[in-house]
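Student: Could you have a look at this structure, given as structure tokens, before my questions?
2 protein chains.
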Amino acid sequence: GAPRCTRLAPLRTRVLRCPGSLWPPSAMCIRDRAGAAARGEAAARPVALEEEIVSEKAAEESHRQDSANLLIFILLLTLTILTIWLFKHRRARFLHETGLAMIYGVLMGVILRYGIHVPSDVNNVTLSCQVQTSPATLLVNVSGKYYEYTLKGEISPHELNNVQDNEMLRKVTFDPEVFFNILLPPIIFYAGYSLKRRHFFRNLGSILAYAFLGTAISCFVIGSIMYGCVALMKVTGQLGGDFYFTDCLLFGAIVSATDPVTVLAIFHELQVDVELYALLFGESVLNDAVAIVLSSSIVAYQPAGDNSHTFDVTAMFKSIGIFLGIFSGSFAMGAATGVVTALISFSLFTKLREFPLLETGLFFLMSWSTFLLAEACGFTGVVAVLFCGITQAHYTYNNLSTESQHRTKQLFELLNFLAENFIFSYMGLTLFTFQNHDFNPTFIVGAFFAIFLGRAANIYPLSFLLNLGRRNKIGTNLQHMMMFAGLRGAMAFALAIRDTATYARQMMFSTTLLIVFFTVWVFGGGTTAMLSCLHIRVGVDSDQEHLGVPESERRSTKAESAWLFRLWYNFDHNYLKPLLTHSGPPLTTTLPSCCGPVARCLTSPQAYENQEQLKDDDSDLILNDGDISLTYGDSTVNADSITSSGTSRRIVGNSSEDALDRELAFGDHELVIRGTRLVLPMDDSEPPSSLVDSARHGPA
Amino acid sequence: GAPRCTRLAPLRTRVLRCPGSLWPPSAMCIRDRAGAAARGEAAARPVALEEEIVSEKAAEESHRQDSANLLIFILLLTLTILTIWLFKHRRARFLHETGLAMIYGVLMGVILRYGIHVPSDVNNVTLSCQVQTSPATLLVNVSGKYYEYTLKGEISPHELNNVQDNEMLRKVTFDPEVFFNILLPPIIFYAGYSLKRRHFFRNLGSILAYAFLGTAISCFVIGSIMYGCVALMKVTGQLGGDFYFTDCLLFGAIVSATDPVTVLAIFHELQVDVELYALLFGESVLNDAVAIVLSSSIVAYQPAGDNSHTFDVTAMFKSIGIFLGIFSGSFAMGAATGVVTALISFSLFTKLREFPLLETGLFFLMSWSTFLLAEACGFTGVVAVLFCGITQAHYTYNNLSTESQHRTKQLFELLNFLAENFIFSYMGLTLFTFQNHDFNPTFIVGAFFAIFLGRAANIYPLSFLLNLGRRNKIGTNLQHMMMFAGLRGAMAFALAIRDTATYARQMMFSTTLLIVFFTVWVFGGGTTAMLSCLHIRVGVDSDQEHLGVPESERRSTKAESAWLFRLWYNFDHNYLKPLLTHSGPPLTTTLPSCCGPVARCLTSPQAYENQEQLKDDDSDLILNDGDISLTYGDSTVNADSITSSGTSRRIVGNSSEDALDRELAFGDHELVIRGTRLVLPMDDSEPPSSLVDSARHGPA
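Chains as they are written, first to last, in the UniProt record's numbering: chain A, 1 to 700; chain B, 1 to 700.
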């Protein structure tokens, strides 16, 4: 179809590539050259060039092949969607769409691996020249004309003879950076965007504890267990290569990123206790960020002390510094850009409202530029995007017109949906198409044992400590549920596949893959059963979380969340909201009278108007259950109800104190007002059957 | 921030690369090897390897650089959007968003070219080895380890010494295939999708004539003029390389693709005469398809007669055959997949309606898979996508739920918007960042002269011939307007940049770039003025095109469009609609009684229900002006009005005859019914000032 093109500039997405272009070889060749220079010779010497001829590949053919490959993925997604629809239609909960995507991926992988064979005539002209260095770019002089070659990667010697055989398999394999630069951002952004901020901030303390302490704990627990396991393997001679403690720690960091997307979907569908939902969701969102930064700082540790893998205090502190640096940097950048976009939208969108398309476009571009900016500054784009999402949902979103709020929401929803299912189906595919798998029974068993212990060492001790602090205890059944909900997903996979050069990394990747499969299929499938046998309340309207909780505890929530929540709420509501959005009270009322003129010029006319009919942004601007479930079209009424309740709830002063009081006191009113809307008052001792059954009739 | 990655599989988008992987060099090396084999020697002999060392590039640095580069584009888009908003706000029509994007692109290009200098320490380790062949893949053996290199492209000798200098400039340059595989499809699809089918089909004959005959004519006219121009240059010794007649023809094909996006935007805003709109839009959409296939078949001609660029009858017929083959193939494939999706959606979406996200996802994936499928089968994906879009808008779209109709519309709207502005800003950028520009005054002047003549030779003769056929004449002022509206845009650029290897191609590319700039800025900007001085009616509601036209002409429209329109309408309404959508009459009523049982089992229950409250799909399921203008939020009432009129219009039998009669007769009723909604009855002799003015108050 398409005519030939001879000019090949680097692809834009190629440009999105990670520092990975710094391979070991080139590093090696630096050392080599250094040494050579030291010996005062020319860095690289002329060498013999022996070549092997393989028959010429028709590029047209390869292009078709390529399109066909991509088509495979599209069809996989299509198939997944069709089946998801069937499942949703039947309200089957034993298998989530992501699990489904993986299954299809596996099947397709089997077909590609064993079904299809590339005709042997489709080959490269390969010509291997013996040199000392392998630079990133090679200039080849073909009878006066110069051609530029770029380094693609290393080929393990045993693949040399059958380069063309697994050509096709390599074709259906991505640059791992695609995940970090194209697929993960929308997912993470959407997560931050759909964070239920009211509940999130109420449990901020606990969530942060689980996310930071917990992830660190589980990382080190898993790391040390795996180190023991590796030692055992070394003794029994199962170890085929180097495996240092840092590798174990890296593995710990990789598999510490939980991704309970399956569980949360079911939680939402069954309207499980909101506290639990908030804890789980908040933790999983944040610990993705923690895990990714943790892993990069562990990798940063590795080269220190020139590969003598001894413990090195300075290097360790360096790593810790890197961790703190990258994390806080990314956080700051994300939040900052979020605020900037809020400011832009604040000053503009009120006039822009006529053009929803432009708004949505701007919003999308701004979110993306956050990611790029962070990467450009050497921070972690994914983390930045997460916090940018949170900030934007909190401020920028308020300044969008209703029309484009819907558009934006739906756009990111779709992107998230596609990206997620794509990653999971790709996971399934790699199980068979990935070339360098290394399944080691001992390591695998050890790993499963480790992640179990690691999760336990994360949840139970922390919950115990937290319960000392919070009077609204995290019940043991909730703890068990959190323990159970420790699924591994997209982030773990992306981190694992990011680097599969060494023996250790390959083993880690294969094991991570199995862990993801197991947790998503088994734990994900067992969620409903687990919920019922743990007697966890379902069918709770997200506004009525106070209903179940007795008076004393409700007060305690206030006390518990006070020191953090109150502080935040106060600052945010009095200064940030008015500055960045058109909601919130006018600054003139909140700022001390001394800076009256400043306040006046900073306050937008809208603010005054709004003052009467103030909306509770904290609740109605969250993409909450109601909105998420726009996905499946049901219970948008839910969102409305919040809005209304919010509206009623917030005809209040500006001090956080009474605002909080009202907010919490309102539980009673709500009980009266909403008594009618109670879906199914269920006692804890309910058999799963009727639970599913009730859920089927309940929230529909 | 991201850790290093060593395993680099080809990027997915990389996979989307065109047959371009078949460079001349590798072709050369085939011949070389063939010759060598004939002489019975080893194909390639060991050769000396002389190398130049350039200092090592820090990959981390390059990654940041890359992100920064991408950031540039994002910021360009953001800037454009912000300014567009300003223009829309001020209702300024002298400069369209695309023109704006180009300006910003140019500015950014200047900055990149002259402003920024890459620090000289950021360089490649370059090492050039002297070999006879340059294969697509090179295996480099670095002390036992093998590394794979892939061919990136040729580097002109004079660039050799400053590879690192224009490194950055090359970084902000795309693989041309990105345009064909990522940016064009959404644009083309959206064009097909937003085709106003009722008016399109009514003028089908004329549109086809302009698109096929017209494009062919202008291609050959331009081609021969340019050949004369080239001959002149050869005489005056301005020609720096080969320039064959096929190159001229290719140039003709490239610049024959009109893209009056600017004009159409203004047309819509001013609600210009719908006939004109339909003619222009239909032509521009189709002639993109024609131009792209034409160019590939001309390229296919080139190699024939092994580079002896003599006229070769067989080769010419081969090219014609290729043209017909590719075009009809792509058309068939697009239509087919469109129908398939319609069938799937038909059988599914009625049940899927609860889950709009899934519907939109499916719709999106299906559209994309059409493109891939066509490419995989060696057809032209872009053309396939176009007709797929038309088909889907006609059938599949009917089966979507209202919710996801909105979502889908908005999604493709956004994609189209982003892609379009991206391409145009990139055009501006390339004016300065592209390395091998070749501006030749003679050629440029000749080209401008040629496109003018080509357009004229397209519009006027054809209009004359068509006017013999159609009694509803295309007025001379409309002809002048169509002449004037021959802007060149995205497609011309994409075709030109696709291959810039040879001297001829580079000159063509540079010239095309200038042509695009000129037409978009000058013609685009002058549209409003042109409209008024040509006395073209504006402020026509798209439903009321009958109002202006006297009774006689309206009848004539029927007569004119009869033979094609009637045939199509009949078949479509009686068989396709019922089969593929839930609208339309049940088959049982349309099929002959003999095949009653078939009809019964094929007819969906909805069809019977629908029979009472049938909707006129032809009108209300078109993404018509009203919908397009959702973009800027105004006149959705427009769409509703059509629907209502449609609903009233179609309580009719199934024979196309009386359906048509009613459809056309209804003009009168509409005149009565809608008399109130007449926005501004304006006489043709209106000064531009009040024209703009009226438009400002009118359709807002």
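Glycine included, each C-beta is placed from N, C-alpha and C at the ideal position.
I need the straight-line Cα distance from A:F212 to A:A257, nearest angstrom please.
Tutor: Each residue's alpha carbon lies about 11 Å from the other.
Student: Taking Cβ-Cβ distances below 9 Å as the criterion, which residues of the region 66 to 83 of chain B are in contact with chain A?
Tutor: So the close ones are D66, S67, A68, N69, L70, L71, F73, I74, L75, L77, T78, I81, L82.
Student: Which residue marks the beginning of the alpha helix (DSSP H) containing A:S409, and which one marks its end?
Tutor: In the sequence under discussion, the amino acid at residue 409 of chain A is Lys, which differs from the Ser named in the question. Taken as a continuous stretch (DSSP letters only), the alpha helix (DSSP H) holding A:K409 covers 402 to 433.
Student: Suppose only complete runs of 4+ residues qualify. What are the alpha helix (DSSP H) ranges in the region 161 to 238 of chain B, listed by chain order?
Tutor: Whole alpha helix (DSSP H) segments, 4+ residues: 167 to 171, 184 to 193, 197 to 202, 204 to 208, 215 to 235.
Student: Helix, strand or coil for A:T258, going by three-state DSSP, please let me know.
Tutor: Strand.
Student: Using the beta-carbon count (16 or more within 10 Å), is B:S194 buried or exposed?
Tutor: Buried, since its Cβ has 16 or more Cβ neighbours within 10 Å.
Student: Considering only the alpha carbon of each residue, which of A:L579, A:F251, A:V520 lies closest to A:T215?
Tutor: That would be A:F251, whose Cα lies nearest to the Cα of A:T215.
Student: Any beta carbon of chain A sitting closer than 7 Å to that of B:Q410?
Tutor: Answer yes: the Cβ-Cβ gap between B:Q410 and chain A drops below 7 Å somewhere.
Student: Give a yes or no on whether the C-beta atoms belonging to A:G525 and A:F201 are separated by under 7 Å.
Tutor: No. Outside cutoff.
Student: Using a Cβ-Cβ cut-off of 7 Å, state whether B:A376 counts as contacting chain A.
Tutor: With 7 Å as the cut-off, B:A376 counts as an interface residue toward chain A.
Student: Between the beta-carbon of A:Q184 and the beta-carbon of A:V340, is there less than 7 Å?
Tutor: For the sequence presented, residue 184 of chain A should be read as Leu rather than Gln. No.
Student: Compare the beta carbon distance of B:S218 and A:L71 with 7 Å and say whether it is the shorter of the two.
Tutor: The answer is no: Cβ separation not under 7 Å.
Student: Please report the residue range of the alpha helix (DSSP H) in which B:T502 lies.
Tutor: From DSSP, B:T502 is part of no alpha helix (DSSP H); its letter is neither H nor E.
Student: How would you call A:G1, buried or exposed, if buried means at least 16 neighbouring beta carbons within 10 angstroms?
Tutor: Unreliable placement is indicated for A:G1, whose pLDDT of 34 sits below 50; the coordinate value is still reported in the next sentence. Buried: at least 16 other Cβ atoms inside 10 Å.
Student: Going by other Cβ atoms of all chains shown within 10 Å of its Cβ, with 16 needed for buried, is A:S295 buried or exposed?
Tutor: By the neighbour-count rule (16 or more Cβ atoms within 10 Å), A:S295 is buried.
Student: Name the chain A residues whose beta carbon is nearer than 8 Å to that of B:S369?
Tutor: Simply L71, I74, L75, T78.
Student: Specify the secondary structure class of B:R113 as computed by DSSP and reduced to three states.
Tutor: Correct three-state label for B:R113: helix.
Student: Cβ-heavy atom distance between B:G282 and the ligand ADP below 6 Å?
Tutor: The model on display carries no ligand, and the ligand ADP is accordingly not part of it.
Student: Since A:A490 and A:I187 are thought to touch, with beta carbons under 8 Å apart, how far apart are those beta carbons, to the nearest angstrom?
Tutor: Right, their Cβ atoms sit about 6 Å apart.
Student: Buried or exposed: B:Y227, going by 16 or more other Cβ atoms within 10 Å of its Cβ?
Tutor: Buried: at least 16 other Cβ atoms inside 10 Å.
Student: What residue range does the alpha helix (DSSP H) around A:T476 cover?
Tutor: Per DSSP, A:T476 belongs to the alpha helix (DSSP H) from 476 to 484.
Student: Closer than 7 Å, Cβ to any Cβ of chain B: which residues of the region 412 to 423 of chain A, in chain order?
Tutor: If the cut-off is 7 Å between Cβ atoms, the region 412 to 423 of chain A has E413, L414, F417, L418 near chain B.
Student: Report yes if the CB atom of A:Y210 is closer than 7 Å to the CB atom of A:E283, and no otherwise.
Tutor: In contact: A:Y210 and A:E283 (Cβ atoms closer than 7 Å).
Student: Run down chain B in chain order and give the residues with a C-beta less than 9 Å from the C-beta of A:R64.
Tutor: Here the neighbours are P19, E375, A376, C377, G378.
Student: So, at 7 Å on beta carbons, what are the nonlocal neighbours of B:F327 in its own chain, with the 5 sequence-adjacent residues on each side left out?
Tutor: Cβ within range, chain order: V293, V383.
Student: Can you list the residues of chain B that A:T430 reaches, using a CB-CB cut of under 7 Å?
Tutor: Within chain B, no residue comes near A:T430; the closest Cβ sits about 10 Å away, beyond 7 Å.
Student: For B:R455, which residues from the same chain have a beta carbon less than 7 Å from its beta carbon, with the 5 sequence-adjacent residues on both sides left out?
Tutor: Closer than 7 Å at the Cβ level, and outside the excluded window around B:R455, lie S218, M483, G486.
Student: Whose CA, out of B:Y395, B:A68, B:V445, lies closest to the CA of B:Y575?
Tutor: Minimum Cα distance to B:Y575 is reached at B:Y395.
Student: B:N467 and B:I474: beta carbons closer than 7 Å?
Tutor: Yes, the Cβ-Cβ distance between B:N467 and B:I474 is below 7 Å.
Student: Return the residue from the list A:F87, A:I451, A:I182, A:L112 that minimises the CA-CA distance to A:E420.
Tutor: With distances taken between Cα atoms, A:E420 lies closest to A:I182.
Student: When you check each C-beta in the region 498 to 531 of chain A against every C-beta of chain B, which residues fall closer than 9 Å?
Tutor: Against chain B - using a Cβ distance shorter than 9 Å - the residues of the region 498 to 531 of chain A are R498, D499, T500, A501, T502, R505.
Student: Using a cut-off of 7 Å between C-beta atoms, extract the partners of B:T360 located in chain A.
Tutor: Neighbours of B:T360 on chain A, chain order: L414.
Student: Assess contact between the region 394 to 408 of chain B and the region 371 to 381 of chain B, defined as three or more Cβ pairs (one per stretch) separated by less than 8 Å. Is contact present?
Tutor: Too few Cβ pairs lie closer than 8 Å, so no.
Student: Classify B:R488 as helix, strand or coil using the three-state DSSP reduction.
Tutor: B:R488: strand per DSSP, three-state reduction.
Student: Would you call the CB atoms of B:V520 and B:V272 closer than 7 Å?
Tutor: Contact flag unset, no.
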